[in-house]
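The structure under discussion appears below in the form of structure tokens.
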Amino acid sequence: MPIATASQTAGPFWHLIDVPAWADLLRADGPNAGFTGGDRIVLTGRITDGDGAPCPDMLVEIWQADPEGSYEGAFHGFGRCATDPDGRFRFVTVKPGPVRGRGNATQAPHVAITLFARGLLTHLTTRLYFAGEALNATDPVLATVPAARRGTLLAQPTGKGEWRLDIRLQGPEGEDGETVFLDV
1244 MPIATASQTA
1254 GPFWHLIDVP
1264 AWADLLRADG
1274 PNAGFTGGDR
1284 IVLTGRITDG
1294 DGAPCPDMLV
1304 EIWQADPEGS
1314 YEGAFHGFGR
1324 CATDPDGRFR
1334 FVTVKPGPVR
1344 GRGNATQAPH
1354 VAITLFARGL
1364 LTHLTTRLYF
1374 AGEALNATDP
1384 VLATVPAARR
1394 GTLLAQPTGK
1404 GEWRLDIRLQ
1414 GPEGEDGETV
1424 FLDV
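Position 138 (the sequence shown) corresponds to 1381 in this note's numbering; numbering is contiguous.
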């Protein structure tokens, strides 16, 4: 019998790897203490299954660039949080800037999202883009997504500095269907 890998035995052990403070990338005692650049934002969302039921036992990780579009600056762009009983997640961070891609193509400001859950043998990867961002129209990754499904990657503003992206693990294709996941 093959030996199970870490990704095959991931949960439900979130209490061992979830540090609630990691959801606030701007906390006073964190790696970004004293960081003053960029616009402070709150990213929220809810993860549901194919029937629309909440997914309360998931771990959400984010990676993002700093406001200048760099992953190598003073800003530490990693965060992690578990979903609550209603499948919700929440991060406090700064809005990332445009990132240089292959061949000097400019990627629109985005946040990479990775989902871990019991029953998922391999984690899921997607992106959060910001609705209304001009560079969304020319983003090389977003351009590979069929137009009818791009909305599943667009966070919507819900207030000043607040953005929401709901993630659906399964469902019909289309604007309100299954979120687009990336094969990385």
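Virtual Cβ for every residue (Gly too), placed ideally from N, Cα, C. Everything numeric in this text was worked out from a predicted model, so none of it was measured.
Considering only residues of the same chain and omitting the five flanking positions on each side of residue i, which have a CB-CB separation below 7 Å?
i, result
"threonine 1336", "Leu1268, Leu1269, Ile1284, Leu1286, Gln1307 and Gly1322"
"alanine 1271", "none"
Do you know offhand how far residue i's Cα is from residue j's?
i, j, result
"isoleucine 1356", "glycine 1420", "18 Å"
"glutamine 1399", "isoleucine 1305", "17 Å"
"proline 1383", "alanine 1390", "13 Å"
"glycine 1312", "glycine 1404", "18 Å"
"valine 1388", "valine 1342", "18 Å"
"alanine 1264", "leucine 1358", "18 Å"
"aspartate 1327", "alanine 1266", "13 Å"
"valine 1427", "phenylalanine 1278", "30 Å"
"glutamine 1350", "proline 1415", "27 Å"
"leucine 1385", "glycine 1295", "25 Å"
"leucine 1367", "glycine 1346", "26 Å"
Comparing the C-beta of residue i with each C-beta of chain D, is any distance below 7 Å?
i, result
"glycine 1277", "Any reference to chain D falls outside this structure, which holds one protein chain only."
Look at residue i and residue j and say whether their C-beta atoms are less than 7 Å apart.
i, j, result
"threonine 1291", "proline 1299", "no"
"phenylalanine 1318", "asparagine 1379", "no"
"glycine 1273", "proline 1310", "no"
"phenylalanine 1334", "threonine 1369", "no"
"alanine 1360", "leucine 1397", "no"
"threonine 1401", "isoleucine 1410", "no"
"arginine 1393", "arginine 1331", "no"
Which residues in the same chain as residue i place their Cβ atom closer than 6 Å to its Cβ, once the five residues preceding and following it in sequence are excluded?
i, result
"proline 1339", "Gln1307, Ala1308 and Pro1352"
"valine 1354", "Ile1305, Gln1307 and Leu1371"
"glycine 1316", "Asp1309"
"alanine 1348", "Pro1383"
Assuming residue i contacts residue j (C-beta within less than 8 Å), just tell me the rounded distance between them.
i, j, result
"aspartate 1261", "leucine 1302", "6 Å"
"leucine 1412", "leucine 1371", "Between leucine 1371 and leucine 1412 the Cβ distance is about 16 Å, and since that is not below 8 Å, they are no contact."
Could you name the residues of the same chain whose beta carbon sits closer than 8 Å to that of residue i, not counting the 5 residues immediately before and after it, in chain order?
i, result
"glycine 1320", "Leu1268, Ile1305, Trp1306, Gln1307, Ala1308, Asp1309, Tyr1314, Thr1336 and Pro1339"
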